[in-house]
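All remarks here apply to the structure that follows.
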Amino acid sequence: MSTGNDTTGKFYEHEGTWIYEFEEGDDVVKRQFTADPRLAGNNARLDTSTRIFSNGSWQTTWYDANGVPTVDTVES
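When you number the sequence shown by full-length UniProt numbering, it's gap-free, plus one each residue, and the end is 76.
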């Protein structure tokens, strides 16, 4: 597994996708990309974004090929 950190979160590769994980207040946010978005010219796009709330519930948003949110799922 490849890892990389920046000042606000961390990137890591997971099963062929790239995850950017960071904290926002008491929540943890994980954004899944089709490729490493830090590299120019690789056409990385946002696939999903998951927010894990401090109470253990979470919300996932899926995005289409144009980056438009299409589906939200909330679990408590």
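All residues carry an ideal CB built from backbone N, CA and C; glycine is no exception.
The Cβ-Cβ distance between G16 and L46 does not fall below 8 Å. V71 and S49 do not touch by the CB rule: their CB atoms are close to 11 Å apart, not below 8 Å.
Looking at the DSSP output, D27 sits in a beta bridge with E24. Just so you know, the alpha carbons of G56 and D27 end up roughly 9 Å apart. Here E75 carries a strand assignment [DSSP, helix/strand/coil].
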